[in-house]
Structure formats: C-alpha cells, structure tokens
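Participant: First to last, the protein sequences are chains A and B.
Going by my numbering, the first sequence opens with residue 1, and the numbers climb by one from there.
Going by my numbering, the second sequence opens with residue 1, and the numbers climb by one from there.
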Amino acid sequence: LDSLLQEISIMEELKQLLHDYMTSVPGVLGIILSDKEGIPIIRCKLDECPDSAMKTQFISAHCTAAEQANKLGMGTNETIMAVYKNFQVLHMNHAGVVISVIATADAVLNEVKSTAEKLKPLVQDISLAVIDPV
Amino acid sequence: LIHFYKRDMLKPRALTSVLSQANTDGVQSTFLFKQDGTLLAYSSIDSECADPRVVAAISSKIWSVYDKNGRAHLNEDKLQFLLLDCDEGHVAIFPVHNTLLCLYGDTSLGFGMLKSKSEALSKFLEDPLSQIGVS
C-alpha cells in the first residue's frame with residue numbers, strides 16, 4: 001500500500017510538472033506522453049483542450065504517419081507539426097516515447113516545439129520503463 | 001461529326017520551371033501531386049533524390065492521416081499544413097487547390113524559410129490549378 005501511495009504521489013508530481021510546462025507557454029492546451037503505439041503514459045490538459053485529442057485513437061495516428069515519414073529518404077522522423085485552422089498539434093518522438101503537445105492556432109509554433117524539447121530529459125527517464133528490454 | 005472542345009491544360013515544362021524556382025537556399029526538391037498520391041510534377045537539385053512517386057505517395061498518406069484525425073478528433077478542424085523534422089532534412093506539405101505541394105531540404109533549412117517558400121508557391125499555383133479544375 002505504501003509503494004502504491006508513493007507511485008500515486010509521483011504521478012501527481014509528474015502531472016504538476018507537465019502542468020507547469022503547459023502554463024509557461026501561452027496557447028498550450030495539453031501535453032500527453034505515450035508509447036510508440038499511442039498508449040498514454042501520462043496526460044495533462046486544460047479545460048479548453050478537446051477531450052478527444054487526449055484519446056488513444058488521436059495519438060496513435062501519429063505512429064502511422066511517423067512510420068511513413070521514415071520512408072521519405074530523409075532519415076528517421078523526429079517531429080511532426082500539424083497546423084490546423086483552430087489548433088496546432090506537435091508529435092515528437094524521443095527515446096521510444098511520444099511527446100504530444102496540443103496548442104491553439106495562435107500559439108507560437110517554435111515555443112510549442114521548445115516546450116516538447118524541454119521534456120526530453122524527463123522522457124529519457126520514463127522511457128526506461130516503457131522500452132522493450134529485448 | 002467530332003467536336004473538339006478547347007480546354008485549359010497545364011504546361012508540364014512551365015510547371016516544372018515554376019517548382020524549380022523554389023529549389024534555392026536549402027530547398028532541394030519540390031513536388032506537386034494529387035491528394036491520392038498521383039505525381040503531377042517535380043523538380044530537384046539533389047542527384048540522390050528519392051523516387052518522386054514514392055515521395056508523393058508517402059506524403060499524401062501522411063497528409064491524409066492528419067487530415068482525418070483533425071476532422072474526427074478536433075471538432076472538424078481543417079488541416080492547413082504539415083512540417084516534418086527528420087534526421088537528415090526538413091519537409092513541408094501544403095495544400096494547393098485540390099493538390100498537395102511538398103518541399104524538402106536539408107537540416108540547415110529553417111522551418112520559417114520552408115514555410116514561407118511553400119506559402120508563396122502555393123499562392124502562385126492556386127489560380128492556375130483552379131482554372132484547370134484539378135481534382
């Protein structure tokens with residue numbers, strides 16, 4: 001029970017950390033860390049973020065796109081930035097974990113990308129838990 | 001009696017020439033293709049450029065995935081453009097009328113420059129492509 005409570009408090013701390021990153025950049029609505037198949041590891045969002053953008057179906061679409069992008073002849077794809085009329089979505093692949101950032105269309109894309117890049121050290125630690133040991 | 005109707009058509013050489021104008025300052029290749037991946041024209045200064053038909057097919061697939069995703073999960077939102085950051089280069093995919101424009105270059109090419117060139121080229125091609133009714 002103690003270790004379970006400890007895990008829960010660590011997760012809460014992680015969520016708070018993601019929340020702090022989110023609120024530091026104007027326009028960022030949600031951050032999701034997931035594995036390569038789109039299964040969420042941790043999610044954090046503001047009320048304005050569409051709920052469906054937090055779902056596995058939305059995140060896993062990136063996996064298909066990234067797989068295809070690897071065949072473009074430009075090496076391995078690291079980041080895909082999709083700009084829509086009302087939202088911007090950034091998917092960054094690092095150490096086997098996908099960082100997804102959802103922002104409004106007004107957010108500065110470079111700042112959104114920087115936010116994802118700042119999460120790389122955190123993701124590096126988390127990746128040890130999700131990477132296939134084989 | 002056979003009637004020949006005069007129709008506007010694309011001039012392939014002129015189209016290739018227009019696409020080649022984007023191939024400066026880090027941009028290596030420019031492709032124009034239909035949304036189903038059928039290549040219309042391309043221009044490249046890279047002698048080791050990937051097969052343009054493959055690039056067209058893959059880029060259209062990536063566009064289609066994000067386009068459908070936006071409609072399904074972001075309140076019917078419309079995809080404006082895509083930027084891809086790969087180990088060996090940067091890629092931009094922009095819509096032009098009912099076709100897609102793809103520019104790619106090496107890693108020294110900034111995304112701002114890539115986006116600006118793509119926007120300028122897509123604005124230029126919008127009118128001619130709409131006149132011939134590409135679908």
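Even for Gly, the Cβ is constructed at its ideal location relative to N, Cα and C.
Just tell me which of B/132, B/23 and B/104 has its CA closest to the CA of residue 50 of chain B.
Facilitator: Checked all of B/132, B/23 and B/104; the closest Cα to residue 50 of chain B is B/104.
Participant: Which residues of the segment 55-68 of chain B have a Cβ closer than 8 Å to any Cβ of chain A? Give them in chain order.
Facilitator: Against chain A - using a Cβ distance shorter than 8 Å - the residues of the segment 55-68 of chain B are 55, 58, 59, 61, 62, 65, 66 and 68.
Participant: Does DSSP classify residue 49 of chain A as helix, strand or coil?
Facilitator: Of the three classes helix, strand and coil, the one that applies to residue 49 of chain A here is coil, per DSSP.
Participant: From the DSSP output, in three-state form, read off residue 70 of chain B for me.
Facilitator: Correct three-state label for residue 70 of chain B: helix.
Participant: Can you tell me which of the three DSSP states residue 76 of chain B falls into?
Facilitator: Reduced to three states, the DSSP call for residue 76 of chain B is coil.
Participant: Helix or strand or just coil, what does DSSP make of residue 61 of chain A?
Facilitator: Correct three-state label for residue 61 of chain A: helix.
Participant: Using a beta-carbon distance below 8 Å, is residue 22 of chain B in contact with chain A?
Facilitator: Output row for residue 22 of chain B: interface = no.
Participant: For a contact defined as C-beta to C-beta under 7 Å, what are the partners of residue 50 of chain B on chain A?
Facilitator: What residue 50 of chain B touches in chain A: 72 and 73.
Participant: Going along the segment 68-82 of chain B in order, which residues come within less than 8 Å of chain A, judged by CB to CB distance?
Facilitator: Residues passing the 8 Å Cβ filter: 68, 69, 70, 72, 73, 74, 75, 77, 78, 79, 80, 81 and 82.
Participant: What in chain A is Cβ-close to residue 104 of chain B, meaning under 8 Å?
Facilitator: 72 and 74, listed in chain order.
Participant: Counting only C-beta atoms, is residue 15 of chain B closer than 8 Å to chain A at any point?
Facilitator: Not an interface residue.
Participant: In terms of DSSP beta bridges, what is residue 102 of chain B paired with?
Facilitator: DSSP output for residue 102 of chain B lists B/31 and B/93 as bridge partner(s).
Participant: Residue 54 of chain A by DSSP, collapsed to three states: which one?
Facilitator: Three-state result, residue 54 of chain A: helix.
Participant: State the Cα-Cα distance for the pair residue 31 of chain B and residue 93 of chain B, rounded to the nearest angstrom.
Facilitator: Whole-angstrom Cα-Cα distance: 9 Å.
Participant: Among all the DSSP beta bridges, which residues are the ones paired with residue 9 of chain B?
Facilitator: Paired residues: none, contrary to the question.
Participant: When you compare each of B/40, B/77 and B/85 to residue 13 of chain B by their alpha carbons, which one comes out closest?
Facilitator: Of the listed residues, the one whose Cα sits closest to residue 13 of chain B is B/40.
Participant: Give the straight-line distance between the Cα atoms of residue 54 of chain B and residue 69 of chain A, rounded to the nearest whole angstrom.
Facilitator: Cα to Cα, residue 54 of chain B sits roughly 11 Å from residue 69 of chain A.
Participant: Measuring only the C-alpha atoms, how far is residue 83 of chain B from residue 57 of chain B?
Facilitator: One C-alpha to the other measures close to 17 Å.
Participant: Is the beta carbon of residue 75 of chain A less than 8 Å from the beta carbon of residue 48 of chain B?
Facilitator: Cβ distance not < 8 Å, so residue 75 of chain A and residue 48 of chain B don't count as in contact.
Participant: Using the DSSP secondary-structure output, state which residues sit across from residue 91 of chain A in a beta bridge.
Facilitator: Answer by DSSP bridge pairing, in chain order: A/80 and A/100.
Participant: Flag this pair as touching only if the segment 11-30 of chain B and the segment 111-131 of chain A have three or more C-beta atom pairs under 8 Å; answer yes or no.
Facilitator: In short, these stretches do not touch, since the Cβ pair count stays below three.
Participant: With a cut-off of 8 Å, does the C-beta of residue 87 of chain B fall near any C-beta of chain A?
Facilitator: Chain A, which has a Cβ nearer than 8 Å to the Cβ of residue 87 of chain B, makes this yes.
Participant: Take residue 45 of chain A and list the residues in its own chain whose beta-carbon comes closer than 7 Å to its own, dropping the five residues that flank it on each side.
Facilitator: Once the five neighbours on either side are set aside, the close Cβ partners of residue 45 of chain A are 29, 30 and 54.
Participant: What are the start and end residues of the beta strand (DSSP E) that includes residue 30 of chain A?
Facilitator: 28-35 is the extent of the beta strand (DSSP E) around residue 30 of chain A.
Participant: Am I right that residue 97 of chain A and residue 18 of chain A are in contact with their C-beta atoms under 8 Å? What's the rounded C-beta distance?
Facilitator: Not a contact, Cβ separation roughly 13 Å.
Participant: Taking Cβ positions, are residue 93 of chain A and residue 111 of chain A nearer each other than 8 Å?
Facilitator: No, the Cβ-Cβ distance between residue 93 of chain A and residue 111 of chain A is not below 8 Å.
Participant: Contact defined as beta carbons within less than 8 Å: I believe residue 59 of chain B pairs with residue 35 of chain B. What is the distance between those atoms, to the nearest angstrom?
Facilitator: Residue 59 of chain B to residue 35 of chain B, Cβ: 10 Å. No contact.
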